[in-house]
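In numbering that gives the first Met the number 0, the protein residues as written are 0 to 177.
Backbone N, C-alpha and C define an ideal beta-carbon position, used for all residues, glycine too.
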Amino acid sequence: MRIRPARRSDLPLLQDIERAAGEPFRSLGMSRVADDDPPPLELLDGYRAAGRAWVSTGPDDRPLAYLIADPVDGAAHIEQVSVHPSAARRGLGSALIDHAAAWGTRESLHALTLTTFSHVPWNAPYYTRLGFRVLTESGLTDGLRKIRAEEAEHGLDHWPRVCMRRDVPYLTESVRPQ
Numbered sequence: 000m001r002i003r004p005a006r007r008s009d010l011p012l013l014q015d016i017e018r019a020a021g022e023p024f025r026s027l028g029m030s031r032v033a034d035d036d037p038p039p040l041e042l043l044d045g046y047r048a049a050g051r052a053w054v055s056t057g058p059d060d061r062p063l064a065y066l067i068a069d070p071v072d073g074a075a076h077i078e079q080v081s082v083h084p085s086a087a088r089r090g091l092g093s094a095l096i097d098h099a100a101a102w103g104t105r106e107s108l109h110a111l112t113l114t115t116f117s118h119v120p121w122n123a124p125y126y127t128r129l130g131f132r133v134l135t136e137s138g139l140t141d142g143l144r145k146i147r148a149e150e151a152e153h154g155l156d157h158w159p160r161v162c163m164r165r166d167v168p169y170l171t172e173s174v175r176p177q
């Protein structure tokens, strides 16, 4: 597994990863999530140009997972992290999250944040295992409130969602020095 910055030529592949990663939501009765369009190429290219889009690649250098992030209220906010189902359970998502944490540290951002579905096994329960904690309403920053409002406008509040935070630096067991 190799993590590198996303390239312009990767962007259509990131959309393919997003579409494939959405499919498992159908089994939970969340077809609207599965049918949601991936981020537009222009948006992904903005993240790429800003140096805030990373991919995890296979031996052929083809992306298998990606992460895009924004600085939000002193934290590195994970806007999206997606792993192609054919590459699931290999640690690609957690490695990308740790990569974003390292980026956040270099940028003097003191936490990772994200929003996610609270009851989807590969969402909030997964992030909890990676050291994230659910934020209460009083723990939300203005930026996180704005993100949640935008998600609600997009219809994502049809299912329970939460904001989560992990202080940095924090490395998962798989990347801790021995």
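- DSSP places THR135 in the coil class of the three-state scheme, outside both helix and strand.
- PHE24 and ALA33 have their C-alpha atoms roughly 6 Å apart.
- Proximity of the region 111-121 to the region 66-80 meets the contact definition, three or more beta-carbon pairs being nearer than 8 Å.
- Closest option to LEU13, judged by alpha-carbon separation, among ARG147, SER30, ARG47: ARG47.
- By a beta-carbon distance limit of 8 Å, ALA20 does not contact SER93. Their separation comes to about 15 Å.
- Per DSSP, the unbroken beta strand (DSSP E) holding ARG165 starts and ends at 160-166.
- Counting only residues of its own chain and dropping the five nearest sequence neighbours on each side, GLY142 has a CB closer than 6 Å to the CB of VAL71, ASP72.
- Short of 8 Å from the beta carbon of LEU139, and not among the five residues preceding or following it, lie these beta carbons of its own chain, in chain order: ARG147, CYS162.
- At a Cβ-Cβ threshold of 8 Å, ILE16 and ALA64 count as neighbours.
- Residue environment: SER55 is assigned as buried (16 or more neighbouring CB atoms within 10 Å of its CB, all protein chains considered).
- In the three-state reduction of the DSSP assignment, HIS153 falls in the coil class, being assigned neither a helical nor a strand state.
- In the structure shown, THR140 falls within a coil segment according to DSSP collapsed to helix, strand and coil.
- Taking the C-beta atoms as reference points, TRP102 is found nearer than 8 Å to ALA68.
- Under the 10 Å beta carbon count, ARG51 is surrounded by 16 or more other beta carbons and is classified as buried.
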